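Below you'll find the structure, written out as structure tokens, and then a few comments.
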Amino acid sequence: MKKIIDKLYNENNLSDKELLTLLNNLNEENKNYLFEKSYMTRMKSYGNTVFLRGLIEVSNFCKKDCMYCGIRNSNKNANRYRLTEEELINCCIRGYSLGYRTFVMQGGEDAYFTDEILCRVIRTIKGKFEDCAITLSLGERSRDSYKTLYDAGADRYLLRHETATREIYESVHPNMSFENRRQCLNDLKEIGYQTGAGFLIGLPNQTNEDFVKDLRFIKELKPEMVGIGPFIPQKDTPMGHLENGNVEIVLVMLSIVRLLLPEVLLPATTALGTLDPEGREKGFRVGANVIMPNLSPFENRKKYSLYDGKKFVQDESAEELKNIIKKIDSVGFNAVMNRGDNIIWKRK
Ligand code: 5AD
Numbered sequence: 001m002k003k004i005i006d007k008l009y010n011e012n013n014l015s016d017k018e019l020l021t022l023l024n025n026l027n028e029e030n031k032n033y034l035f036e037k038s039y040m041t042r043m044k045s046y047g048n049t050v051f052l053r054g055l056i057e058v059s060n061f062c063k064k065d066c067m068y069c070g071i072r073n074s075n076k077n078a079n080r081y082r083l084t085e086e087e088l089i090n091c092c093i094r095g096y097s098l099g100y101r102t103f104v105m106q107g108g109e110d111a112y113f114t115d116e117i118l119c120r121v122i123r124t125i126k127g128k129f130e131d132c133a134i135t136l137s138l139g140e141r142s143r144d145s146y147k148t149l150y151d152a153g154a155d156r157y158l159l160r161h162e163t164a165t166r167e168i169y170e171s172v173h174p175n176m177s178f179e180n181r182r183q184c185l186n187d188l189k190e191i192g193y194q195t196g197a198g199f200l201i202g203l204p205n206q207t208n209e210d211f212v213k214d215l216r217f218i219k220e221l222k223p224e225m226v227g228i229g230p231f232i233p234q235k236d237t238p239m240g241h242l243e244n245g246n247v248e249i250v251l252v253m254l255s256i257v258r259l260l261l262p263e264v265l266l267p268a269t270t271a272l273g274t275l276d277p278e279g280r281e282k283g284f285r286v287g288a289n290v291i292m293p294n295l296s297p298f299e300n301r302k303k304y305s306l307y308d309g310k311k312f313v314q315d316e317s318a319e320e321l322k323n324i325i326k327k328i329d330s331v332g333f334n335a336v337m338n339r340g341d342n343i344i345w346k347r348k
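Just so we're aligned, residue 1 is where the sequence shown starts under the working numbering, counting upward by one.
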């Protein structure tokens, strides 16, 4: 197994068969060897830096009905909200004064957020703060819309592929198209965005064969960012009775993605930190190098409840931010708040 891991480290690739062999034969010893190699790779690409991004949850209205997600359209218990343009801009102003230089605007697929509104927000923020990056995470839109938002100044777009196995994708995404999701990701890449794909760990019937497909998809797409997190049940969804995704598998996937794409920006996700109080720090040790603290207005945070157990009382204040930075630095990393672009990306 060490030979396969060395090959992955040296060549940043493996065949599907080798990936499957690796996943099927991981024990404590070779897992630690894999983690060592992915740690070395992150050190070569970005050193011990951990980039901070301010996350703004803009709306929990969503027209989609993903079976796992707490803000799915059919969830009548979700208490819906959306930020006004003014609230959204004020979030960025507060974030900027705290030191953030990336703002991630994330939300459900809410028709209220037309290109016109989003372009106005993007231009306002870019006009005020030209040293900031804007990341959007607003689901599937048309290629035209993605292009319009890019031309208005958006730099990055997060859209997880969720799973690269068609049968699983279709079973948890009613009335959604497996092809369209992938098409969106191709469009985003082509337009010039730093593009984020990613997948869930712990979907029903997911096996190592499925993870090999996720890893291959990522190796071929070459996204600049990859979000990988455990599934966590949300009680008002059809998947509310299922078990949590496995934290160890998340760590293994983070480390393999780091090795497949050495320059990738890889968040230690909120979901990972929810299942394991040390989850995020464990993530940094296996190659994660991004963290996205919440900048949303306090009163809305509870409502943006994708899964149960998400921590609501986080940062906001300068004091809390200091604690986040202190914690990252205390485990041997270096929290920074600059734009933190992917080192091989240039705006088209
Ligand atoms: N558990 C973990 N992650 C979830 N997401 C949505 N619902 C859940 C859940 N129950 C993730 C999806 C989506 C991202 C914004 O949040 O992968 O892409």
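Glycine residues also receive a C-beta, built at the ideal position from the N, C-alpha and C atoms. For clarity, every value in this text was computed on a predicted model and none was experimentally measured.
Cβ neighbours of K2 within its own chain (closer than 7 angstroms, five residues either side excluded): N30 and Y33.
Our two residues, K326 and E319, have alpha carbons roughly 11 angstroms apart in a direct line. Take E18, set aside five residues on each side of it, and the residues of its chain with a beta-carbon closer than 6 angstroms to its own are I4, in chain order. The closest CA to that of L23, considering only R82, V257 and G227, is found on V257.
Taking the Cβ of F231 as the reference point, at least one heavy atom of ligand 1 falls within a distance shorter than 7 angstroms.
Under the DSSP assignment, M292 falls outside any beta strand (DSSP E); it carries neither an H nor an E label. Here A197 is buried: its Cβ has 16 or more other Cβ atoms, across all protein chains shown, within 10 Å. V336: member of the beta strand (DSSP E) spanning N334 to V336, first to last residue. Taking the CA atoms as reference points, F199 sits about 33 angstroms from E86.
For G107, the enclosing beta strand (DSSP E) starts and ends at T102 to G107.
DSSP places V226 within a strand segment (E or B) once states are collapsed to three. Nearest Cα to E263 within the set P230, K219, I191 and H241: K219.
Using a C-beta cut-off of 8 angstroms, the segment 59-72 makes no contact with the segment 280-294, since fewer than three inter-stretch Cβ pairs fall below that distance. In the structure shown, V250 adopts helical secondary structure according to DSSP, grouped into three states. Residue pairing by DSSP places Y146 in no beta bridge whatsoever.
Classified as exposed, G47 has fewer than 16 neighbouring CB atoms from the shown chains inside 10 Å of its CB.
Here the alpha carbons of K303 and R80 stand approximately 7 angstroms from one another.
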